[in-house]
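First to last, the sequence lines map onto chains U and V.
According to the working numbering, the residues represented by the first sequence are 1 to 112, in order.
According to the working numbering, the residues represented by the second sequence are 1 to 123, in order.
In what follows, a single structure is set out as structure tokens and then discussed.
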Amino acid sequence: DIVMTQIPLSSPVTLGQPASISCRSSQSLVHSDRNTYLSWLQQRPGQSPRLLIYKISNRFSGVPDRFSGSGAGTDFTLKISRVEAEDVGVYYCMQATEFPPTFGQGTRLEIK
Amino acid sequence: QVQLQESGPGLVKPSQTLSLTCTVSGGSISSGDYYWSWIRQHPGKGLEWIGYIYYSGSTYYNPSLKSRVTISVDTSKNQFSLKLNSVTAADTAVYYCARSDDFWSGISAFDIWGQGTMVTVSS
């Protein structure tokens, strides 16, 4: 299985400041169809995960534009341009390039 | 809009079978546009994909659980179900049902999730 590793595991940030979460895969996530199936999910406290970003950088419907994704190959980043209180929670990267889909261990975003 | 809702016992005894159902509302499982998955989250831990089913009944399971998992679909009830047999304490988790489009031709991500149901394995 492809192992997804997130850094950091915890990220204290100041409201209004940017935040960045990294995700690294144990092998390239470029599929034979040339797409890269890397997505990001947000799990607010007590809630189900919510899709934020798919295929590296595509924001899902209804996701604020302060969220952006980037990267290629094995290294990916989720950025929040200005953190708001509602962004508190755990963020997961997920790969679906190779089955089974696998998730990172999660990064906890908290307010300083 | 499409919503998913898990249901089933919250407590299962060791060595028995865990059985959960996901009811889909606001859309039809039989539309053929989506795949229907089960995903679990151990307490305080990350996410683990269990498997998916298509409306036709075709399935794909995580090899780590394949020997113990069965996912089935009932299109007449717009439901799909999970059975996990020979459970142990290690199967204690929140179980989610989730939707995805066709992997490798769409967004290839889980875009709708149920609220999750906690299942504890204990005697």
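Here a beta-carbon is modelled for each residue, glycine too, at the ideal position from N, C-alpha and C.
Model, not experiment: these values are computed from the prediction.
Can U:C93 and U:S39 be called in contact, C-beta distance under 9 Å? Against a cut-off of 9 Å, the Cβ pair of U:S39 and U:C93 comes out as a contact.
Identity of the residue in V:R40, V:T120, V:R99 nearest V:G32 by Cα: Closest option to V:G32, Cα to Cα, is V:R99.
If you run the structure through DSSP and keep just helix, strand and coil, what is V:S30? If DSSP states are grouped into helix, strand and coil, V:S30 belongs with the helices.
Outcome for U:L15 when other beta-carbon atoms lying within 10 angstroms are tallied against a minimum of 16: Per the 10 Å Cβ criterion, exposed.
Determine the chain V residues that contact U:A96 at a beta-carbon separation under 7 Å, and present them in chain order. In chain order: F103, S108, A109.
V:P9 versus U:P18: straight-line alpha-carbon distance, rounded: For V:P9 and U:P18, the distance between alpha carbons rounds to 42 Å.
Kindly list the residues whose CB is nearer than 7 Å to the CB of V:T88, restricted to its own chain and excluding five residues on each side of it in sequence; keep chain order. Closer than 7 Å at Cβ, skipping near neighbours: P14, V121.
Using the DSSP secondary-structure output, state which residues sit across from V:S100 in a beta bridge. V:S100 is bridged to V:Y35, V:F110.
Taking C-alpha atoms, which residue in V:V24, V:R40, V:S76 lies nearest to V:V119? Measuring from the Cα of V:V119, the nearest candidate turns out to be V:R40.
Using DSSP bridges, identify the partner residues of U:Q6. Answer is U:C23.
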